[in-house]
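Encoded as C-alpha cells, the structure appears first; notes follow it.
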Amino acid sequence: MSNLHDVIIVGGGPAGLAAAIHCGTFGLRTLVLEAEERAGGLATKIRGLENYPGFQRKVSGLRLTEKMAHQAEKNGAELHTSEEVTNLSLDREDKVVDTRKSTYGCKALILATGDGMKGVGMKWETWLGAGVAYCAECGAPFLKGKDIVVVGNVKDAVDEALRLTSVAKNVRLVNHCDMIDVDEQMRKQLEKRKIGLIEGFEGKEIKGRPPSKQLVLGHLSGSGTKTLRTNMVLVVAGVKPFVSVLRNAGIRTHRQGCVVADGFGRTSVDGVFAAGGCASTVGDLVPACVGDGAAVATCARLYLAYGC
Ligand SMILES: Cc1cc2nc3c(=O)[nH]c(=O)nc-3n(C[C@H](O)[C@H](O)[C@H](O)COP(=O)(O)OP(=O)(O)OC[C@H]3O[C@@H](n4cnc5c(N)ncnc54)[C@H](O)[C@@H]3O)c2cc1C
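Using this note's numbering, the first residue of the sequence shown is number 611, and each one after it goes up by one.
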C-alpha cells in the first residue's frame, strides 16, 4: 500500500496532537486525521485554561493547541484536517483506515477521538471528571457509596440507573424533556430499587465542586426551576456514530461508548491503542489527555519496535 504509515492517529485534539509530537520526534512516519477544519478538538473552546503545567497565567485552548499542531508538523507528523475517518479494517497486520477522501494503511493505530457519548445540552455538562461522568464503567470506583443523579433522554439511562443501585447509596433519574418512554414495567423496576424518577423537567445546568454538585432543572412548562443536590451527575444520551465504526471493527467499548483500554492504552485489537477522552471520561482534562497521548504513543512505539 503506497499510503502506508507507521502510525495513524485518529483525532487531532490534545491527546492526538501530543501523541503525534511524540511519534514524530522518534522518526515514525505519522499521520493525524482530523474531522474538523482545524485541529485542537474540544480544547479550542476553552478561553482560559488554568490547569496547564508551565503557564502561570490562563492560556487560550485555541492558541495552545495551535502550537501543539505546529510542533507535531515540525517534528515530522503529517496533519490532515477535514478528513473524517469513516471505516476501519483491522483484521490484517497492516490496518486500513478509510476517510471520505482516501484510504490509508498503518502498522499501529492510535484512537484519540474524544468522548464517544452525546450530551443532553446542559451548561457545564462537558466538565467531566469534576463530578460529571458519561461512562459509569470508567467511573465505577468513584461512584461507590455516592448519591447519583442520572440525566438521560434514551432508554439506556433507565438501565444505567438500575445498575447503579448495586454500588451507589442513592440513585435518582431525570427523564430529560420526558424523552424516555417509561413503561409500566420500567416504573415498577425503578420503584422496586427505590430510584426516584423525576419527570416534567429538563436538565439545565450543573454547578458546584465535588463532592457537592447541584443540578439545576427547568420545568417543561417554562415556569420555574428546581435544584437537586448530589455527589455526581451521570449523563446518558446515546453514543456518537464513530462508536459504531469502532464496534464494527471489533474494538471493545464500554456500554456508553468509551474504548476499553488497559494501562498501556492497548485495546482489544492488537496494534490499536486509545488515548485521552475516548478511552475514559474520568481523566478527561487537557493536561491528563496530553499526558495520556504521549504515554500511549510510547507504547505504540514499543509495539512497533518489539511487536508486543
Ligand atoms: C467548554 C469546555 C471547557 C473546558 N474547559 C476545560 C478546562 O478549563 N481545563 C481542562 O483541562 N479541560 C477542559 N475541558 C475539557 C477538554 O477540552 C478535554 O478534556 C480535551 O479536549 C479532551 O481531549 P481529547 O484529545 O481526548 O479529545 P477532543 O478534544 O474531544 O478531540 C478529539 C478530536 O477527534 C476528532 N474526531 C472525532 N471523531 C473523528 C473521526 N471519526 N475522524 C477524525 N477525527 C475525529 C474531533 O473532531 C476532535 O478534534 C473543557 C471542555 C469544554 C467543551
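By construction, the Cβ of each residue, glycine as well, lies at the ideal position given by its N, Cα and C atoms.
- Between the alpha carbons of L698 and T723 lies a distance of about 14 Å.
- The C-beta distance from G622 to G651 rounds to 7 Å, short enough to fall under 8 Å.
- Contact check for L838 against R803 fails: the beta carbons are separated by 9 Å or more.
- Between V892 and G739, the gap from beta carbon to beta carbon is short of 9 Å.
- For the pair R819 and L753, the Cα-to-Cα distance works out to about 15 Å.
- In this structure, the CA atom of D616 is about 28 Å from the CA atom of K850.
- Taking the Cβ of I656 as the reference point, at least one heavy atom of ligand 1 falls within a distance shorter than 8 Å.
- For I808, the enclosing beta strand (DSSP E) begins and ends at G806 to I808.
- Distance from the CA atom of M678 to the CA atom of Q824, rounded to whole angstroms, is 35 Å.
- Here R857 carries a helix assignment [DSSP, helix/strand/coil].
- Taking all protein chains shown into account, R667 has fewer than 16 neighbouring C-beta atoms within 10 Å of its C-beta and is therefore exposed.
- In this structure, the C-beta of F874 stays at least 8 Å away from each heavy atom of ligand 1.
- By the neighbour-count definition (other C-beta atoms within 10 Å, threshold 16), Y744 is a buried residue.
- Annotation for D894: no beta strand (DSSP E) segment contains it, and DSSP assigns it neither H nor E.
- Taking 8 Å as the upper bound for CB-CB distance, T635 and T654 are not in contact here, some 23 Å apart.
- Secondary structure of H615 (DSSP, three-state): strand.
- Remark: the C-beta of C633 is outside contact range of ligand 1, defined as less than 8 Å to any heavy atom.
- Distances between the C-beta of F852 and the heavy atoms of ligand 1 include at least one below 8 Å.
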